[in-house]
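Asker: Numbering (my numbering), first residue to last: 408 to 736.
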């Protein structure tokens, strides 16, 4: 993910905590350099997100719920204050015309499959195109002088962090899958456990008679993701369920499982086609991407430093905190 989209995602995370318990008598939650953040502004966005969190199982009832709401309320206001500061700092430096806004947004928009996807992203942010464009302008302005990471520094990071560039063992396998579904899992095909196991055993019998594994996979496998290429699949320990990986790694190249292998999906018949051992990716293969990632990190660090300084210099009146402190006294 590049720095521009990463920055917008950080804004999303800051704003996505918009849940508060209610609205006080005053309609102003905070002021930033004289600009108001209203309770109405909060509540318009809060209600949708509160419902979303509750749909995900979050419970705001009782004493614990109130503690959680109080904590979230602080995060809400912090996010809105950050947004206000960013927009103020950007508008100190420029005024964006409609053409400028489109130009600034274009690289970000290109990362979404369709314009509708981008519009939905803006809705999630609760921000409009102009606000995003100003924030992206500020990011460019603040990080303009951050130099690219040198090849020497890139190599040093590569050598100091070998675990990040180690490729796991890879197993090239073919498999044939029959789903087990008693009606509660919504699998693509529905069989009882006994039915699926019998179907897998029938395939093994056909393999024992000399039939081709790839052809049987195309004909019989219920895994739509692999059946068209003869059940071919690259498996690693982290990307495959344990039962599947254990069975596949225990085979010799060219051999298949003589008993069906049970996983949460159903029953598999597995053939090992080849293996790629654990290895370190060559520096030449990763240096371009790594240098870009390290440059993004440097830009993010500089932007964070700028925001800390801008926040210190801003005149911020947090009326929610002041009100709570007054009530406690």
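Think of the CB as a built atom: it goes at the ideal place given N, C-alpha and C, for glycine as much as any other residue.
Do the CB positions of residue 643 and residue 577 come within less than 8 Å of each other?
Answerer: yes
Asker: DSSP three-state label for residue 620, please.
Answerer: If DSSP states are grouped into helix, strand and coil, residue 620 belongs with the helices.
Asker: Spell out a yes or no on whether the region 454-470 and the region 508-519 are touching, meaning 3 or more CB-CB pairs, one atom from each, closer than 8 Å.
Answerer: no
Asker: What's the gap between the Cα of residue 640 and the Cα of residue 579?
Answerer: 6 Å
Asker: In its own chain, which residues sit with a C-beta less than 8 Å from the C-beta of residue 535, not counting the 5 before and 5 after it?
Answerer: 529
Asker: Would you decide whether residue 533 is buried or exposed? Buried here means 16 or more other CB atoms lie within 10 Å of its CB.
Answerer: buried
Asker: How far does the beta strand (DSSP E) with residue 639 in it reach, from first residue to last?
Answerer: 639-642
Asker: Pull up the distance between the alpha-carbon of residue 663 and that of residue 626, whole angstroms please.
Answerer: 17 Å
Asker: In the DSSP assignment, what are the bridge partners of residue 673?
Answerer: Answer is 586, bridged to residue 673.
Asker: What's the C-alpha gap between residue 732 and residue 717?
Answerer: Residue confidence is low: residue 732 scores 43 on pLDDT, short of 50, so the model does not pin down where it sits. Its coordinate-derived value is still stated next. If you take the alpha carbons of residue 732 and residue 717, they lie about 25 Å apart.
Asker: Could you tell me the distance, in whole angstroms, from the CA atom of residue 735 to the CA atom of residue 491?
Answerer: Legend: pLDDT at residue 735 = 48, less than 50; position of this residue unreliable, value from coordinates given subsequently. If I take the Cα positions, the gap works out to 28 Å.
Asker: Compute the Euclidean distance between the alpha carbons of residue 723 and residue 712, then round it to the nearest angstrom.
Answerer: The C-alpha of residue 712 is placed about 18 Å away from the C-alpha of residue 723.
Asker: On the DSSP bridge list, what partners appear for residue 687?
Answerer: Looking at the DSSP assignment, residue 687 forms a beta bridge with 573.
Asker: In its own chain, which residues sit with a C-beta less than 8 Å from the C-beta of residue 445, not counting the 5 before and 5 after it?
Answerer: Closer than 8 Å at Cβ, skipping near neighbours: 434, 435, 436.
Asker: Take residue 350 and list the residues in its own chain whose beta-carbon comes closer than 8 Å to its own, dropping the five residues that flank it on each side.
Answerer: Only positions 408 to 736 of the chain appear in the structure, and residue 350 is not among them; the question remains open.
Asker: Once DSSP output is grouped into helix, strand and coil, what is the label at residue 440?
Answerer: coil
Asker: Using a Cβ distance threshold of 8 Å, determine whether the region 666-679 contacts the region 606-614, with at least three qualifying pairs required.
Answerer: yes
Asker: Just the C-alpha distance for residue 558 and residue 694, rounded to the nearest angstrom, thanks.
Answerer: C-alpha separation (whole angstroms): 8 Å.
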